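To keep things clear, I will list the structure first and then write my remarks on it.
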Amino acid sequence: MRRFIVAFITVVAALCYTVTPATAAPVAPGEPRATGDLRTGSLTTRAGTREFQVYVPRTLGPGRPLIVWLHGASRVRHGDPRELRRTSTLLIEADRLGYAVVAPRQSLRADPAGTWRIVDPANLIRGSGEASIVAGIVRRSIRDLKADPARVYVAGHSAGGAMALDVAALYPELFAGISTSAGMPFAADPTGEATRRARGGMPLPTFVVHGDRDSFAPLFVGTATVSAALGANGIPGGRPSSRTVVPAGPDPYRTIVTRYGSGQREVVSAVVIGADHPTGPGGLTVNGPALDRRVISFLLSKHR
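Given below as structure tokens:
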């Protein structure tokens, strides 16, 4: 455990302090674009103020699902922007499937690299830290958008993937499922015991994506994240129920998808062969839109 924590802190330090500006990917002519309403809000709590973006499809009605998206560091090499993109799979699928998206944004005053402060001890305690601000944004968004409280999900990439696991551990009553791409386990605990205690034993369906060539958060971190999800969801022995190799095309890389358990305890691991740390062309995972859609389908299939 101690060796894992040291390695974990090293990974986080790399994410926090590599500050080469990220550049937006060019938009190809004819590339699909989301056409709904994209607006910005903010929330102030005792822990601070954070802005957030809200995407609402034109066809969205009351009682629809809500996906909360937590970005990666905005300035790390190969990082993600803090802004939602209309060309992202998450928004394009929102138009097609009828869910809303809320994306809290890290303050560059709080962290110049735009990294969620996942090693801040306050983020390991319910009611404090940035995790509490994110939870407040989720509650407000459920109310304002009249979303179905039984179909709210949290997803993130890199430090955002780690924050997704933190928020879900501390506020499990808000979510029906989790997805983390290139993330790290709650409290740097690969056993999942810290997550299980924080959630009061409540299982949460979890989809873990990691690239086997990740140069920022090496694959052992992804393996630990899967192990933590299995432990938290009470899947003894971690014996898989199925394993599928999804070939490349249309996504850039082939993916090994392994499923464990079912229902509320289900855990899915997707190891993307050849992928590094940045998100792929769809912006949700380290692969492409096909894997992104698989993640979205997994989330939307879950209810509290």
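Residue numbers -24 to -1, 1 to 280, in mature numbering (1 follows the signal peptide of the UniProt record, and there is no 0), belong to the letters of the sequence shown in order.
Backbone N, C-alpha and C define an ideal beta-carbon position, used for all residues, glycine too.
Keep in mind it's a predicted model, so treat the numbers as computed, not measured.
Note down the Cα distance separating Gly153 from Trp92, rounded to an integer number of angstroms.
20 Å
Compare the beta carbon distance of Val146 and Ala107 with 8 Å and say whether it is the shorter of the two.
Looking at the sequence itself, residue 146 is Leu, so the reference to Val does not match. Yes. Within cutoff.
Alpha carbon to alpha carbon, how far is Glu169 from Ser203?
10 Å
Own chain partners of Ile211 with C-beta closer than 8 Å, once the 5 adjacent residues on each side are dropped:
If we look at Ile211 and ignore the five residues flanking it on each side, its Cβ neighbours are Tyr236, Gly237, Arg241 and Val243.
Roughly how many angstroms separate the alpha carbons of Phe192 and Ala144, rounded to a whole number?
It is roughly 23 Å from the alpha-carbon of Phe192 to the alpha-carbon of Ala144.
Going by other Cβ atoms of all chains shown within 10 Å of its Cβ, with 16 needed for buried, is Ser218 buried or exposed?
exposed
Could you check where the beta strand (DSSP E) with Val248 kicks off and where it finishes?
Unbroken beta strand (DSSP E) run through Val248: Val243 to Val248.
Spatial neighbours of His279 in its chain, beta-carbon cut-off 8 Å, leaving aside the 5 residues before and after
Ala126, Arg127 and Ala152
By the three-class DSSP mapping on this structure, what secondary structure does Asp124 have?
In the structure shown, Asp124 sits in coil (DSSP, three-state: anything other than H, G, I, E or B).
Identify the residues that DSSP records as bridge partners of Phe274: which are they?
None, per the DSSP bridge assignment.
On the CB-based measure, 16 or more other CB atoms within 10 Å of its CB, does Leu60 come out buried or exposed?
buried
Cα-Cα separation between Arg22 and Pro80, rounded to whole angstroms
16 Å
Straight-line gap, Ala158 to Asn263 (C-alpha atoms, nearest Å):
11 Å
Between Ala135, His186, Arg270 and Glu149, which has its C-alpha nearest Phe162's C-alpha?
Ala135
What are the start and end residues of the beta strand (DSSP E) that includes Glu27?
Gly24 to Val32 is the extent of the beta strand (DSSP E) around Glu27.
Would you say the beta carbon of Ala224 comes nearer than 7 Å to a heavy atom of the ligand GTP?
In the structure shown, the ligand GTP is absent, as is every other ligand, since no ligand is present at all.
Go through its chain and collect everything with a Cβ distance to Ala98's Cβ below 6 Å, but skip five positions before and after it.
Ser104 and Gly105
With 16 other CB atoms within 10 Å as the buried threshold, where does Leu101 fall?
The question names Leu, but residue 101 is Ile in the sequence shown. With fewer than 16 Cβ atoms within 10 Å of its Cβ, Ile101 is classed as exposed.
Using DSSP bridges, identify the partner residues of Arg15.
Val30
Express the C-alpha separation of Gly239 and Thr65 in angstroms, rounding to a whole number.
25 Å
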